[in-house]
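**Student:** Got a structure for you, written out below as structure tokens; questions coming shortly.
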Amino acid sequence: MTATSPKTIAYVKSSIGLNKWPIIGDLVDDVFTVTEDEIKYATQLVWERMKLLIEPTAGVEVAAVLSQHFQTVSSEVKHICIVLSGGNVDLASLTWVKQAERPTPYQSVSV
1 MTATSPKTIA
11 YVKSSIGLNK
21 WPIIGDLVDD
31 VFTVTEDEIK
41 YATQLVWERM
51 KLLIEPTAGV
61 EVAAVLSQHF
71 QTVSSEVKHI
81 CIVLSGGNVD
91 LASLTWVKQA
101 ERPTPYQSVS
111 V
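Per UniProt numbering, residue 1 is the first one in the sequence shown, and the count goes up by one each step.
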């Protein structure tokens with residue numbers, strides 16, 4: 001049996017490493033999951049509204065903040081940091097962005 005790469009637009013080849021897990025365990029209070037469509041929509045939103053060419057992996061963080069789950073805990077959040085990176089953008093594959101549909105229950109967002 002061989003492991004295969006996940007089918008996602010936000011796939012990264014490297015992992016964060018075992019040494020970082022204790023730090024994450026101490027500092028992270030919650031984990032959010034998002035769908036492929038939410039990642040696509042969030043990435044497209046940043047491109048269109050902020051005029052920043054981010055990679056889909058950075059779209060994951062934006063999608064999490066826009067998610068319904070985050071909205072339920074956001075009043076308790078004091079500090080948040082999102083790293084928007086574009087270092088791994090494959091310019092030849094940008095056609096997928098136009099296929100993104102606005103996921104329900106996303107609300108209108110002003111950026």
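Glycine is no exception: its CB is placed at the ideal position from the N, C-alpha and C atoms.
To the nearest angstrom, how far is it from the Cα of R102 to the Cα of I39?
**Tutor:** 10 Å
**Student:** Do you know how far the Cα of L18 is from the Cα of W47?
**Tutor:** Here the C-alpha atom of W47 lies approximately 33 Å from the C-alpha atom of L18.
**Student:** Taking D26 as part of the alpha helix (DSSP H), name the residues at either end of that continuous run.
**Tutor:** 21-27
**Student:** Once you ignore the five residues that flank residue 116 on each side, which residues in its own chain have a CB closer than 7 Å to its CB?
**Tutor:** As displayed, the chain neither begins before 1 nor continues past 111, which places residue 116 out of reach and without an answer.
**Student:** In terms of residue numbering, what span does the alpha helix (DSSP H) encompassing F32 cover?
**Tutor:** Note, F32: premise wrong, no alpha helix (DSSP H); not H, not E.
**Student:** Going straight from the alpha carbon of V83 to that of V60, what length do you get?
**Tutor:** Distance between the alpha carbons of V83 and V60: 10 Å.
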